[in-house]
Amino acid sequence: MAAVTSLDVATIRKDFPLLAQVRDGKRITYLDSGASALPPHQVVAAMATYQETTHANVHRGVYATAERATHLYEQARIDVGRFIGAAKPASEIVFTKNCTEAFNLLAQSWGLANLGPNSAIVLTEMEHHANIVPWLQLQTRLGFEIRYLSVAEDRTLDLSNLDQLLDGAALLSVTATSNVLGTVNPIAELASAAHAAGALIAVDGAQAVPHASIDVSALDLDFLAFSPHKVYGPTGIGVLYAKAEHLDAMPPFLGGGGMIKDVRLDGFLAADGPQRFEAGTPPIAEAVGLSAALAYVSGLGLDAIHAHHRSLTTYALSAIASTFGDTVKVQGPADGPNRAGVLSLTVDGVHAHDIAQVLDTYGVCVRPGHHCAKPLMRRLGVNATARASFGIYNDRDDIDLLVEALQATVTMFA
Amino acid sequence: MAAVTSLDVATIRKDFPLLAQVRDGKRITYLDSGASALPPHQVVAAMATYQETTHANVHRGVYATAERATHLYEQARIDVGRFIGAAKPASEIVFTKNCTEAFNLLAQSWGLANLGPNSAIVLTEMEHHANIVPWLQLQTRLGFEIRYLSVAEDRTLDLSNLDQLLDGAALLSVTATSNVLGTVNPIAELASAAHAAGALIAVDGAQAVPHASIDVSALDLDFLAFSPHKVYGPTGIGVLYAKAEHLDAMPPFLGGGGMIKDVRLDGFLAADGPQRFEAGTPPIAEAVGLSAALAYVSGLGLDAIHAHHRSLTTYALSAIASTFGDTVKVQGPADGPNRAGVLSLTVDGVHAHDIAQVLDTYGVCVRPGHHCAKPLMRRLGVNATARASFGIYNDRDDIDLLVEALQATVTMFA
Amino acid sequence: MADLEELYREIILDHYRNPRNRGELDPPAIRVEGFNPLCGDEIVLSLAVTDGVVTDVKVGGSGCSISTSSGSLMSAAVKGKTVDDVRELLATFKGMLSVGDEGEHDPSVEPTPVNLRSLGELAALQGVAKFPVRIKCATLSWNTLAQGLDEIAAD
Amino acid sequence: MADLEELYREIILDHYRNPRNRGELDPPAIRVEGFNPLCGDEIVLSLAVTDGVVTDVKVGGSGCSISTSSGSLMSAAVKGKTVDDVRELLATFKGMLSVGDEGEHDPSVEPTPVNLRSLGELAALQGVAKFPVRIKCATLSWNTLAQGLDEIAAD
Ligand SMILES: Cc1ncc(COP(=O)(O)O)c(C=O)c1O
Ligand SMILES: Cc1ncc(COP(=O)(O)O)c(C=O)c1O
């Protein structure tokens, strides 16, 4: 069989009722999957079926429904583990509430146990706040050093001082793909550099996992966090992968039911494994939805998805450049294999809010703002961009409409 | 109009497809609402509709769908606030991932800012681990004193030394209803005692909110936490109410996007209001489901629900006593207005696991175990109970079947 | 598109392109920073109050057309007014945009009937009420102003 | 109900009602505690190993019929065996219950074909495999034993 290289967008769209809606005579052109992807009908149905036919609290019930709910929840853990190539899928995946909580857990558990006044960690200037603020919070408590890889003029990471920054560092925590620039960072290379320097590597996969297959074992990652709602799954759940040898040594984070072996009035004993980090009733229906989402994208094929996004990106970058010249800037690296489908647009004299507002009148959904990356915004010298980001349901028509709407914007504010 | 005093269970059941299922010739008798209530079709449909027609990330989008999603999410906050009588519904409700996270937030934010080596807080022996472990964790860090109200022989709280325990305490954190004993604690009285002693009061409403209306303003509560999935809502979301004057003074907890005003490489400025505590993408579909759940129970009427549960409880307690005498014990207070529909059963010589297992063969779903209340279990001198807990879809037939199945259990292990 | 023209009235685009009272004042004027945490807009307001009268105000920072024009219109409107009059104007302005006591916007609630005439040029921002997300842009400068007045009152 | 009789075989009920080797050993026997965090069952295992042979074992704590009978059956089965043989028995026992390498039970996977004869009376617990939640009850004493053996090996 020939390698699948393209998605059948027309068929895919049928799974997304939102895209069939017509409002004020316009259909919705959803170019905001980087913020949150739409969940396909299959995910919604899997959750609804679970909720209507199998719901029960997990882990403690003996009756058949509770057993089935527990099985579905634990199976979701295994599905996620397999999806990202975890060596021990049942023992290395923690379900959090979102990708952000995953970083808080990493900081407050691994970080608290492993960092101190003489430690250092390395982040980058292009991180999302989720991979900055938890470290700043912990820094206030422990006083370690935070070093930043900077963003080069070509909008890739400046790796010229990587070894120097890693020297003596305990952790490199870096995004696989920038949610603003679309830069795809060289994770394999960063992982070996970190390990060579004796540091661990944590990867923010929020933007990368939806677009290409990531294999934590092949890449030798210590930690990976991502957001199910950006992989066509539900809100209310997040994922932290931690290599078993780290997870098993990490102290608990949130406390409560389900994460303990024993509780007395004067102390408690924490449970082993992922459970130690899952206090309280977990996101059960959401785990079921996440499983369905991963099955859905696996069915399409991660390679096909990647190729589709690459081709849209190339088309969009060249359409924007040829239509607008320098008037509309795309903040990010030039087109190439390491350029993801995230287009941060800026227009001199027109604020991102206003771009997005005018685009909305065309049904074109893009997101204006700092995209939770204020340090990067300062580095770029802009205070907001209007970001178009691609998903499996987008096609060239969507980009043509984006260009048309951008033209109207430029005219309006000229 | 006459006061509604009973629920039309037959009609209600139609909203719960799970209850219509027949497995091995038996229908499911769900007596585990104390662990997690079943979500009615209305809740499932509200979430599915949101997911299929309105999903977008909240707070940052300008386009119509994002605006609508943001509105639904913020409206859910207001709905929750109104449901519990918050004075400022838009500003006093924080969405967490579950009730347990609400207590972690309380401890790590309010507690961290207000407790120290010379402080004391008061809990009770009947608390769920969610209202113990977070305080034990914080105690390890700060070294304050934790005092416990004990459980009296009649299985109510022993209040004889309340004033003494409150003396010099900063907080009383207590469950409104015990998830093991069904004891309904005198929250109004406890709130005034706490305030008279200069302490704040936090209430664990996980078991109480589904059964009776709670008005945080009338009761003058400082904090209230509860679990949407126990109020016929979805998993993946929790609620913390905090009086605005406290909330506004509380430092951030989890860090990341959405909870900041500004982030620089060397520090950040936290946002105001509930947003400060909602880092990352929130549980949007879940908030929509929660709104639908609160509308559903409000439609039935909290007073009617309360009366229904009271009547089932009276019926069950007397059926069990008359059938089994001393063979089957119900751990908890005698029947009365302050006795909730949570029946923790123990049988000498038969372990709770085995009770639940045999009951399952009748399709009767009860939960065996320590119910995340190990300190209480030690106080009761048992290591597990088999707990039957009532919901709006239960009726006397369910209790008759429970009794029949219990009889088989006793015979089998005699 | 009708709504869009309501939003981007000529007067708003004019104040966006040529904002009045740009810059900063020297001390003893006070300096207040405002953020729209959702979009990254920042405003730096300098405020001079003498004997209960706003004698001067300047606006720095950067934002979208709505927040910039609102800041510009506000600066022109409050200069020379007493603090009490400014607070009243603020309340009227928020009423026009249906912003509730808790700062929230409830689209199901009709805008408070306000005396639009009393708002003068500020009434141009009326169209924002139809765009709930943009209301925070329109109120950013006003909330920052209120914070500044509170700081002065607290001294 | 057929399954239920499979689960509660006579031999299991017998070991539940009359557990063998109850109690604790004095030092130098080592003491290991095991918890089933999900249900509150606790087990206290005393273990004496001399020259690579389990010379004595006693079981305390409290649990359900499955965990109690499993502990009782285990104690009878391992006494007098070499540590190596005990580890092999443990693997066979877990195989019978389809417990994977990570301790998880996958109901979609057929139980490993094991030599049931080599398990002797322990084979009575075979019916537990059909009740995934109870597998943790059946393995609690074995996991606690394994922990004890590891502690001794680490010395
Ligand atoms: C009294 C009580 N508090 C807290 C909780 C914890 O709720 P959740 O598991 O939703 O975090 C529960 C439910 O298990 C409970 O019954
Ligand atoms: C790169 C990156 N990291 C982290 C996050 C945070 O994800 P979440 O909001 O689901 O916690 C996002 C999404 O906003 C992101 O794009």
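Protein chains in written order, with the numbering used here: chain H, 65 to 478; chain U, 65 to 478; chain B, -19 to 135; chain C, -19 to 135. Every residue gets a Cβ at the ideal spot worked out from N, C-alpha and C, and that includes glycine. Just so you know, these numbers come straight off a predicted model, no measurement behind them.
Enclosing beta strand (DSSP E) for residue i [first to last residue]
| i | result |
| --- | --- |
| glycine 302/U | 302 to 306 |
| serine 42/C | 33 to 42 |
| glutamine 395/U | 392 to 395 |
| alanine 151/U | Careful: alanine 151/U lies outside any beta strand (DSSP E) and carries neither H nor E. |
| valine 12/B | 10 to 16 |
| tyrosine 212/U | 209 to 213 |
Cβ pair residue i, residue j closer than 8 Å
| i | j | result |
| --- | --- | --- |
| glutamine 395/H | valine 215/H | no |
| aspartate 268/U | valine 238/U | yes |
| alanine 234/U | alanine 263/U | yes |
| leucine 176/H | valine 158/H | no |
| arginine 124/B | glycine 43/B | Position check: residue 124/B holds threonine in this sequence, whereas arginine was assumed. Not a contact, by the Cβ cut-off of 8 Å. |
| lysine 110/C | asparagine 16/C | no |
| isoleucine 419/U | proline 432/U | yes |
Closer than 8 Å to chain B by CB, residue i
| i | result |
| --- | --- |
| alanine 67/U | Unreliable positioning characterises alanine 67/U in this predicted model, as indicated by a pLDDT of 47, which lies under 50. The coordinate reading is nonetheless provided below. Output row for alanine 67/U: interface = no. |
| asparagine 458/H | no |
| alanine 448/H | yes |
| threonine 75/H | no |
| aspartate 326/U | yes |
Chain C within 8 Å of residue i, Cβ atoms only
| i | result |
| --- | --- |
| asparagine 162/U | no |
| glutamate 131/H | yes |
| lysine 438/U | yes |
| methionine 190/U | no |
| methionine 441/U | yes |
Contact test: residue i Cβ vs ligand 2 heavy atom, cutoff 7 Å
| i | result |
| --- | --- |
| glutamine 106/H | no |
| aspartate 96/H | no |
| histidine 192/H | yes |
| threonine 239/H | yes |
| cysteine 429/H | no |
| glycine 396/H | no |
| asparagine 243/H | yes |
Residue i: CB within 7 Å of a non-hydrogen atom of ligand 1
| i | result |
| --- | --- |
| cysteine 163/U | yes |
| asparagine 225/H | no |
| glutamine 201/U | no |
| glycine 320/H | yes |
| asparagine 195/U | yes |
First and last residue of the uninterrupted alpha helix (DSSP H) at residue i
| i | result |
| --- | --- |
| glutamate 165/U | 163 to 169 |
| serine 362/U | 348 to 364 |
| leucine 96/B | 96 to 99 |
| isoleucine 419/H | 416 to 424 |
Contacts that residue i makes with chain U (C-beta to C-beta distance below 8 Å)
| i | result |
| --- | --- |
| histidine 105/H | Glu116 |
| asparagine 182/H | Here the premise fails: no neighbours, minimum Cβ distance about 18 Å. |
Contacts of residue i in chain C (Cβ-Cβ under 9 Å)
| i | result |
| --- | --- |
| valine 126/H | Cys19, Phe111, Val113, Arg114 |
Min CB distance residue i to chain U below 8 Å
| i | result |
| --- | --- |
| glycine 40/C | no |
Any non-hydrogen atom of ligand 3 closer than 7 Å to residue i Cβ
| i | result |
| --- | --- |
| cysteine 117/C | As for ligand 3, it is missing from this structure, which binds only ligand 1 and ligand 2. |
Within chain U, partners of residue i - CB distance below 9 Å
| i | result |
| --- | --- |
| glycine 80/C | What glycine 80/C touches in chain U: nothing, since even the nearest Cβ is about 23 Å away. |
| serine 45/C | Val414, His415, His417, Asp418, Gln421, Phe477 |
| phenylalanine 73/B | None at all; the shortest Cβ gap to chain U is about 19 Å. |
| glutamate 350/H | Pro298, Thr299, Gly300, Pro347, Ala349, Glu350 |
Within chain H, the residues that residue i reaches when beta carbons sit closer than 7 Å
| i | result |
| --- | --- |
| glycine 344/U | Asn162, Cys163, Thr164, Glu165, Ala194 |
| histidine 293/U | Thr345 |
Within chain C, the residues that residue i reaches when beta carbons sit closer than 8 Å
| i | result |
| --- | --- |
| lysine 393/H | Neighbours of lysine 393/H on chain C: none; closest Cβ ~50 Å, over 8 Å. |
Interface flag, residue i vs chain H, CB-CB below 8 Å
| i | result |
| --- | --- |
| leucine 83/U | no |
| serine 100/U | yes |
| arginine 87/U | yes |
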